[in-house]
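**Q** Structure provided below as structure tokens; questions to follow.
2 protein chains.
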Amino acid sequence: MARRRQSLESAAHALDLVLAAIAHPARRQILLTLKFRGGTMTAGEIAARFECAWPTTTRHLKVLLAAGLVKRSRRGRQIEYRVEERALRAIHEQWLKYFG
Amino acid sequence: MARRRQSLESAAHALDLVLAAIAHPARRQILLTLKFRGGTMTAGEIAARFECAWPTTTRHLKVLLAAGLVKRSRRGRQIEYRVEERALRAIHEQWLKYFG
DNA sequence: ACATTGATTAGCCACTCCGCTAAATATTCA
DNA sequence: TGAATATTTAGCGGAGTGGCTAATCAATGT
Chain G
0 MARRRQSLES AAHALDLVLA AIAHPARRQI LLTLKFRGGT MTAGEIAARF ECAWPTTTRH
60 LKVLLAAGLV KRSRRGRQIE YRVEERALRA IHEQWLKYFG
Chain V
0 MARRRQSLES AAHALDLVLA AIAHPARRQI LLTLKFRGGT MTAGEIAARF ECAWPTTTRH
60 LKVLLAAGLV KRSRRGRQIE YRVEERALRA IHEQWLKYFG
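Just so you know, the sequences run in chain order G and V. Heads up: the first sequence runs through residues 0 to 99, numbered per my numbering. Heads up: the second sequence runs through residues 0 to 99, numbered per my numbering.
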């Protein structure tokens with residue numbers, strides 16, 4: 000039962016991370032851009048498409064990463080980010096579905 | 000076309016308000032509580048169910064109100080809040096549907 | 001080894017958010 | 001009118017967010 004409680008708490012925390020992540024328009028835009036362009040882009044490609052400075056984009060990516068909304072992997076000198084749409088399902092599964 | 004652009008911008012802004020509103024766990028809890036208890040509660044009933052001080056709850060309600068997620072109406076000395084589930088649909092209609 | 005390219009981390013600053021308490025604003029009732 | 005009740009508004013303070021520039025790390029090519 001303690002385990003059950005803990006897993007519920009983790010789930011709640013996960014939802015929290017996801018909803019906090021998508022609360023910022025720039026991060027939603029990053030996810031959409033990734034999705035629209037085949038699901039995978041390098042950090043540079045992403046940064047190039049946004050007005051804000053590269054380090055700012057990096058930080059947004061870090062928030063998305065912490066929420067599980069993107070994964071990354073190094074590819075030579077570049078780092079590839081791919082969108083993890085699965086993580087978005089928590090929004091419905093853990094919250095939205097309770098409403099009509 | 001100017002009108003079209005403006006309406007898109009308003010929609011984007013509306014989505015922004017909704018997502019910012021539900022980013023906070025207390026506000027999600029308020030919406031769930033409202034829903035669970037028949038959709039309508041007075042400010043006092045809501046405040047009584049939360050640990051934070053009454054003015055804090057009032058401010059959360061204000062954020063939800065600005066996002067269109069609740070409506071309120073005075074009922075004698077009390078103020079009734081009701082959940083507006085319709086506003087939640089923007090999440091799917093204007094963003095989530097673009098993902099798998 | 002060294003320079004170059006790709007990306008992150010460090011650190012600063014302005015602003016917002018969210019908790020609180022105290023004061024103000026309805027509305028009802030005596 | 002004045003007291004009591006229900007709720008909001010004002011205003012403070014600490015913590016977090018998000019923008020920036022400068023510095024750093026990692027991988028490649030010469």
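All C-beta atoms, glycine included, are put in the ideal place defined by N, C-alpha and C.
1. Between the region 52–81 of chain G and chain V, which residues of the former have CB atoms less than 8 Å from a CB of the latter, in chain order?
2. How about residue 29 of chain V: is its C-beta nearer than 8 Å to some C-beta of chain G?
3. Indicate the three-state DSSP secondary structure (helix, strand or coil) for residue 44 of chain V in the structure shown.
4. For the putative contact between residue 156 of chain G and residue 13 of chain G, defined by C-beta atoms under 8 Å, what is the C-beta separation to the nearest angstrom?
5. With a 10 Å radius around its C-beta and 16 neighbouring C-beta atoms as the bar for buried, classify residue 87 of chain G as buried or exposed.
6. Using a Cβ-Cβ cut-off of 8 Å, state whether residue 84 of chain V counts as contacting chain G.
7. Thinking residue 22 of chain V and residue 22 of chain G are a contact (beta carbons under 8 Å), I'd like their distance in whole angstroms, please.
8. DSSP puts residue 39 of chain G in a beta bridge; with which residues?
9. In chain order, what residues of the same chain have a beta carbon less than 7 Å from the beta carbon of residue 26 of chain V, not counting five sequence neighbours either side?
10. Does residue 80 of chain G pass the burial test, meaning 16 or more other C-beta atoms within 10 Å, or should it be called exposed?
**A** Taking the coordinates as given:
1. none
2. Stepping through the second sequence from its first residue, residue 29 of chain V is reached at position 30. No, residue 29 of chain V does not count as interfacial toward chain G.
3. Your numbering for residue 44 of chain V matches position 45 in the second sequence. Correct three-state label for residue 44 of chain V: helix.
4. Here chain G covers residues 0 to 99 and nothing more, so residue 156 of chain G does not appear.
5. Against the first sequence, residue 87 of chain G aligns to sequence position 88. Buried: at least 16 other Cβ atoms inside 10 Å.
6. Along the second sequence, read from residue 1 onward, the residue named residue 84 of chain V stands at position 85. Chain G contact via Cβ: present.
7. Position 23 of the second sequence, counted from the first residue, corresponds to residue 22 of chain V. Position 23 of the first sequence, counted from the first residue, corresponds to residue 22 of chain G. Their Cβ separation, rounded to whole angstroms, is 4 Å, which keeps residue 22 of chain V and residue 22 of chain G in contact under 8 Å.
8. By 1-based counting over the first sequence, the position of residue 39 of chain G is 40. Note: residue 39 of chain G sits in a beta bridge opposite G/81.
9. By one-based count along the second sequence, residue 26 of chain V stands at place 27. Only 20, 59, 62, 63 meet the Cβ criterion.
10. By one-based count along the first sequence, residue 80 of chain G stands at place 81. By the 10 Å Cβ count, residue 80 of chain G comes out buried.
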